[in-house]
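Asker: Below is the structure I would like to discuss, written out as structure tokens.
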């Protein structure tokens, strides 16, 4: 088994497969390594690109509408960043 390979288009680039390299150097993985692989494993979701012009425009329009609502209405017009709330709690000074 070869632990690395070179790119056919660019021979100076070398890809290393660490799994093959590790198994070729040490033999079969130990139980602790298998448990560590299970503990630190994670799952990923697939990314799907939907090529639909109408759906894309609708998606962007909703994003821009929500962003404009937050920036222009809530922050600039209503000035909710300056809203004062009722103080709750007790302080004792001596």
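Residue numbers (my numbering): 686 to 779. Virtual Cβ for every residue (Gly too), placed ideally from N, Cα, C.
How is residue 753 classed by DSSP in three states: helix, strand or coil?
Answerer: Residue 753: helix per DSSP, three-state reduction.
Asker: May I ask you to report which of helix, strand or coil DSSP gives residue 721?
Answerer: Three-state result, residue 721: helix.
Asker: Measure the alpha-carbon distance for residue 769 versus residue 740 and round it to whole angstroms.
Answerer: When rounded, the distance between both Cα atoms is 41 Å.
Asker: Determine, using beta carbons only, whether residue 765 and residue 759 come nearer to each other than 8 Å.
Answerer: A contact, by the Cβ cut-off of 8 Å.
Asker: Work out the CA separation of residue 743 and residue 763 for me, nearest whole Å.
Answerer: Approximately 27 Å, taken between the alpha carbons.
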